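Residue numbers (the numbering used here): 87 to 645. Here is the structure we will look at, set down as structure tokens.
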């Protein structure tokens with residue numbers, strides 16, 4: 087595109103660019119983004135400088151398909167390239183080039199789309215996450231990054247299941263992936279149309295975040311890794327996005343005379359930038375912009391000195407003022423690096439906790455809190471670690487601290503209720519479950535635990551009402567039905583209990599549920615059916631002593 091010297095400088099910048107080193111060190115698909123973007127730019131540069139061939143377009147289709155599988159919003163680049171393919175070719179070559187490009191795309195995306203159709207019954211080139219991802223970046227609670235659908239559950243592994251669960255609760259039925267996506271798309275459009283001014287402010291913030299020096303991370307932060315890496319510690323104060331963007335702007339100005347030849351690079355870069363802003367801004371999502379910027383930053387180093395010498399003082403003053411404004415805009419502090427480090431420590435602690443290393447997990451939760459004392463999820467999940475250790479007093483204190491920061495944090499309030507239950511304080515547990523239910527009235531687990539706490543508090547009629555709500559919210563779930571059946575059985579309503587115990591037992595084939603169903607049937611005079619259920623429980627668990635005693639008693643009653 088420019089010169090061999092410019093290419094060498096571009097390679098050197100890429101080799102020393104701290105975020106590139108960071109991402110290459112992660113076991114994450116982002117590590118593929120840079121090489122795939124560079125491959126696509128190399129192929130595009132060949133199309134810009136040489137007559138096009140079917141082989142070039144076919145190869146470009148393959149590379150763009152691979153990039154779209156690692157970074158879905160790269161499909162925006164596919165659309166731009168397809169238009170360019172048709173627009174630039176002679177009439178006789180348009181079909182040839184377009185078919186070659188689409189064939190390259192189909193070679194990789196075709197099997198994925200076929201597999202998605204087979205398992206989900208819908209046509210999806212990559213995934214069905216369009217609607218949830220759109221909502222994550224466009225809602226009243228986001229700051230321009232993705233946030234989470236449920237407070238305190240910001241890790242990406244929860245996103246898909248949370249989106250499904252919340253959409254199905256709202257619909258009251260099982261949904262297809264397309265219906266889940268449509269639900270969240272509608273939620274997004276409702277927000278945009280009902281709060282257009284707030285959405286416009288959000289879009290401005292996302293635009294600022296996209297070009298900002300700060301690297302917004304949702305899993306692991308560069309700052310945390312720099313504590314263990316001398317290379318990152320030395321390079322990240324120098325080779326960062328806040329320097330790359332102004333340098334790339336200088337390169338664009340210095341090569342502006344070639345704008346007609348380089349116009350496709352501008353279009354591709356802006357199309358990808360727009361696709362990120364449309365959803366949400368994270369460092370790994372904007373990372374494919376870096377190779378574009380490096381090309382122009384290298385051109386600034388190799389071409390700008392001669393270009394500036396040919397400019398007047400007035401022109402140079404305008405250039406300096408422009409670059410100063412760009413540098414000010416890109417380096418304005420929008421995100422605190424402490425937030426990134428706290429999230430990384432929290433995610434490391436959660437991983438340790440899932441492996442049963444509770445003491446190590448608690449130590450990293452405490453470190454996350456020391457870095458960012460207002461990070462509520464660290465307090466809440468530290469409470470869960472204390473609960474797992476049986477340290478209920480410390481768990482209660484941690485949950486209360488999380489709620490002092492964020493009173494709407496449902497998970498923390500729900501878990502605080504569980505902690506009070508474990509400490510034999512059902513009255514306090516009821517208070518927390520009721521507050522959680524007021525925030526999320528459609529959560530069946532909250533209603534279930536509220537019902538169980540009300541039972542322990544001797545508020546039986548209220549408990550039955552709460553358990554009935556849990557059953558209504560999740561009619562196919564066994565646990566709420568079993569809990570309701572048990573309460574009805576224990577309070578002399580065996581006939582009413584049978585329906586719920588039977589559905590729970592038929593769903594899970596749990597011996598304890600079968601035994602309780604047998605008790606309810608026997609109490610209602612249905613001895614033969616009770617014997618069948620006791621026998622079924624014993625087939626599953628032959629050593630179940632209580633079921634055997636109940637079976638013997640039922641047989642004696644039958645005689």
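From the three backbone atoms N, C-alpha and C, an ideal C-beta is built for every residue, glycine too. Keep in mind it's a predicted model, so treat the numbers as computed, not measured.
- Assigned with DSSP and collapsed to three states, residue 608 falls in helix.
- Taking every protein chain shown into account, the CB of residue 136 has fewer than 16 other CB atoms within 10 angstroms, so this residue is exposed.
- In this model, residue 498 and residue 489 are separated by some 7 angstroms (Cα to Cα).
- Under the three-state reduction of DSSP, residue 114 is assigned to coil, being neither helix nor strand.
- For residue 362, the enclosing alpha helix (DSSP H) covers residues 345-364.
- With fewer than 16 neighbouring CB atoms inside 10 Å of its own CB, residue 395 falls in the exposed class.
- Under the DSSP assignment, residue 161 falls in the alpha helix (DSSP H) whose first and last residues are 161-174.
- Comparing C-alpha distances from residue 207 to each of 565, 574, 186 and 263 shows the shortest one belongs to 263.
- The closest CA to that of residue 460, considering only 432, 474, 445 and 437, is found on 432.
- Annotation: the continuous alpha helix (DSSP H) that includes residue 292 extends over 282-296.
- Contact between residue 211 and residue 199 holds, since their C-beta atoms are separated by about 5 angstroms, short of 8 angstroms.
- Residues 503, 507, 512, 515, 516 and 519 of the same chain have their beta carbon placed closer than 7 angstroms to that of residue 539, with the five preceding and five following residues left out of the count.
- Annotated three-state conformation of residue 517 is helix, per DSSP.
- The Cβ atoms of residue 568 and residue 599 sit closer than 8 angstroms to each other.
- Between residue 281 and residue 108, the C-beta gap is not smaller than 8 angstroms, which leaves the two residues out of contact.
- Excluding five sequence positions before and after residue 353, the CB atoms of its chain that fall closer than 7 angstroms to its own CB belong to 166, given in chain order.
- With fewer than three CB-CB distances shorter than 8 angstroms, the stretch 372-382 does not count as touching the stretch 390-406.
- Counting along the chain, no alpha helix (DSSP H) covers residue 418, and no H or E run does either.
- Check the Cα spacing between residue 289 and each of 223, 491 and 528: the tightest is with 223.
- Under the three-pair Cβ rule at 8 angstroms, the stretch 446-453 does not count as touching the stretch 405-414.
- In chain order, 379, 382 and 383 place their CB closer than 6 angstroms to the CB of residue 334, counting only its own chain and leaving out the 5 sequence neighbours on each side.
- Annotation for residue 555: 533 place their beta carbon closer than 7 angstroms to its own, counting only its chain and skipping 5 residues before and after.
- Collapsing the DSSP output to three states places residue 268 in a helix.
- For residue 187, the enclosing alpha helix (DSSP H) covers residues 177-206.
- One Cα belongs to residue 469, the other to residue 215, and the distance between them is close to 32 angstroms.
- Counting every other CB atom within 10 Å of its CB across the protein chains shown gives residue 176 a total below 16, marking it as exposed.
- With 16 or more neighbouring CB atoms inside 10 Å of its own CB, residue 589 falls in the buried class.
- In this structure, DSSP gives residue 461 a state outside helix and strand, which the three-state scheme calls coil.
- Distances from the alpha-carbon of residue 258 to those of 368, 643, 528 and 132 put 528 closest.
- Look at residue 136 here: in three-state DSSP terms it is coil, with no helix or strand label.
- Straight-line measurement puts the Cα of residue 230 at about 26 angstroms from the Cα of residue 487.
- Annotated three-state conformation of residue 213 is coil, per DSSP.
- No Cβ-Cβ contact shorter than 8 angstroms links residue 303 with residue 359.
- For residue 229, the three-state secondary structure derived from DSSP is coil.
- Short of 8 angstroms from the beta carbon of residue 112, and not among the five residues preceding or following it, lie these beta carbons of its own chain, in chain order: 306.
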